[in-house]
Ligand code: NAD
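So this is what it looks like as structure tokens:
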């Protein structure tokens, strides 16, 4: 394993994004987003995504500096088509606009369509939270081969379709549930494959529909599937993510022909807490509820009951202090991607050593 200061991962990402054609603002947003995912402990959605983004750029399936189309801007409704724009910038801009509309109307429903991969969804929840808003979103993944086998299925029909919900809490400690509806996120299978380690039990099936912990077939041959979490309930939530983002938000679904890219669509609801109630009281209720939940006796083998968002905050504190580990395979892939878009060895080495 290699260990990097956060500033190095930000610098390398910014460098690659600039060479991919992004302007300064977009490259900065992509770099901040990917670093934040690594800091939160979600290496699946951090700098390890860069080789995939470079590949999609080469195929014309990720468009830097895209101008999103406003399909509808009517009161509390905002419909945006991102037209395969660089996802972190497209989704960040859309959520910022939706927050402004929530400040005006009390709430905003954002239907956000057809963006290149938007990364860690929790980042958008945290953005809304930083403006005193609650955030809920359904997201789907399309334009790729299906990766999720829903309850009762022996093969995949959906993407990892994440569901996310966040509410501000006191002392900068919000409650943020941010999860793939598969037992593990697909990027975690990639991380396990690159490290040469198995995935957890009951997360994956092979090409014949049989349980496996070996991610090789899933990663290398694109066979098999990740199982939905939680039996029919997780599978049902995954299906509703697909329906809310396609039928309701108008994004592409996995039932449509694929070009081999990654398209995310999102149906998000943003509520301005100062309009619906007293923000201080809402935070106090979050704190009281959290304390009560955490007061439960831990189950056997568990040291502490945690609530959504706590693992990410702890990971960020640790990684900010001790650096971020990246496996050598992933780092080699990132370097190859960088060189393929014209970054020089010297530029890559300099950015890799950045501390700021
Ligand atoms: P995860 O399983 O690590 O965590 C899911 C949630 O459970 C988090 O909110 C976390 O705070 C909470 N949690 C974790 N351990 C806990 C514990 N012991 N007690 C209480 N709560 C706990 O996350 P994941 O499902 O692997 O998803 C990883 C990331 O992948 C997410 O950020 C998600 O947005 C992202 N994702 C993105 C896409 C996309 O297409 N853009 C698709 C799927 C997933």
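Numbering (my numbering), first residue to last: 3 to 358. Each residue gets a CB set at the ideal place from its N, CA and C atoms; glycine is no exception.
Closer than 7 Å: residue 182 CB and nearest the ligand NAD heavy atom: The sequence position of residue 182 within the chain shown is 180, counting from 1. For the ligand NAD, at least one heavy atom lies less than 7 Å from the Cβ of residue 182.
Considering only heavy atoms of the ligand NAD, does any lie closer than 7 Å to the CB of residue 187? Walking along the chain shown from the start, residue 187 turns up at place 185. Yes, the ligand NAD has a heavy atom inside 7 Å of this Cβ.
Does the beta-carbon of residue 241, which I'm using as the reference point, lie nearer than 7 Å to any heavy atom of the ligand NAD? In the chain shown, counting from the first residue as 1, residue 241 sits at position 239. No.
CB of residue 2 to nearest heavy atom of the ligand NAD: below 7 Å? Nothing can be reported for residue 2, as the shown portion of the chain is limited to 3 through 358.
Among 210, 341, 198, 259, which has the Cα closest to the Cα of residue 330? The count along the chain shown starts at 1 and reaches residue 330 at position 328. Answer by Cα proximity: 198.
Three-state secondary structure assigned by DSSP to residue 128: Looking up residue 128 in the chain shown gives position 126. It is helical.
Does the separation of the CB atoms of residue 85 and residue 151 fall below 8 Å? Position 83 of the chain shown, counted from the first residue, corresponds to residue 85. Position 149 of the chain shown, counted from the first residue, corresponds to residue 151. Their beta carbons are not under 8 Å apart, which means residue 85 does not touch residue 151 by this criterion.
Where in the stretch 205-260 do unbroken runs of the beta strand (DSSP E), each at least 3 residues long, occur, reported from the N-terminal end onward? 227-229
Going by Cα to Cα distance, which pick from 302, 307, 140, 278 is closest to residue 236? Counted from its first residue, the chain shown places residue 236 at position 234. Answer by Cα proximity: 140.
Buried versus exposed call for residue 180 [16 or more other C-beta atoms within 10 Å across all chains shown]: To locate residue 180, count along the chain shown from 1; it is residue 178. Flag for residue 180 reads buried.
Nearest by alpha-carbon distance to residue 321: which of 45, 203, 24, 178 is it? Residue numbering aside, residue 321 sits at position 319 when the chain shown is read from its first letter. Relative to residue 321, the option among 45, 203, 24, 178 whose CA is nearest is 45.
Tell me the DSSP bridge mates of residue 140? Reading the chain shown from its first residue, position 138 is the one you call residue 140. For residue 140, which the question treats as bridged, DSSP gives the partners 165, 269.
Three or more C-beta pairs below 8 Å linking the stretch 335-348 and the stretch 39-55: The answer is yes - the stretch 39-55 touches the stretch 335-348, with three or more Cβ pairs under 8 Å.
Would you say the beta carbon of residue 120 is closer than 7 Å to some non-hydrogen atom of the ligand NAD? Taking the chain shown and counting its residues from 1, the one referred to as residue 120 is at position 118. For the ligand NAD, at least one heavy atom lies less than 7 Å from the Cβ of residue 120.
The stretch 88-102 / the stretch 264-273 touching (three or more Cβ pairs under 8 Å): yes
Contact between the stretch 92-107 and the stretch 119-129 is defined here as three or more beta-carbon pairs at a separation below 8 Å; is this criterion met? Yes, the stretch 92-107 touches the stretch 119-129.
The stretch 167-175 / the stretch 129-148 touching (three or more Cβ pairs under 8 Å): yes
Find the nearest neighbour of residue 10 within the set 27, 36, 26, 21, judged by alpha-carbon distance. As a first step, residue 10 is located in the chain shown; it is residue number 8 there, counting from the start. Closest by alpha carbon: 36.
Answer yes or no: the CB of residue 308 versus the heavy atoms of the ligand NAD, is any distance below 7 Å? Translated into positions along the chain shown, residue 308 becomes position 306. Yes.
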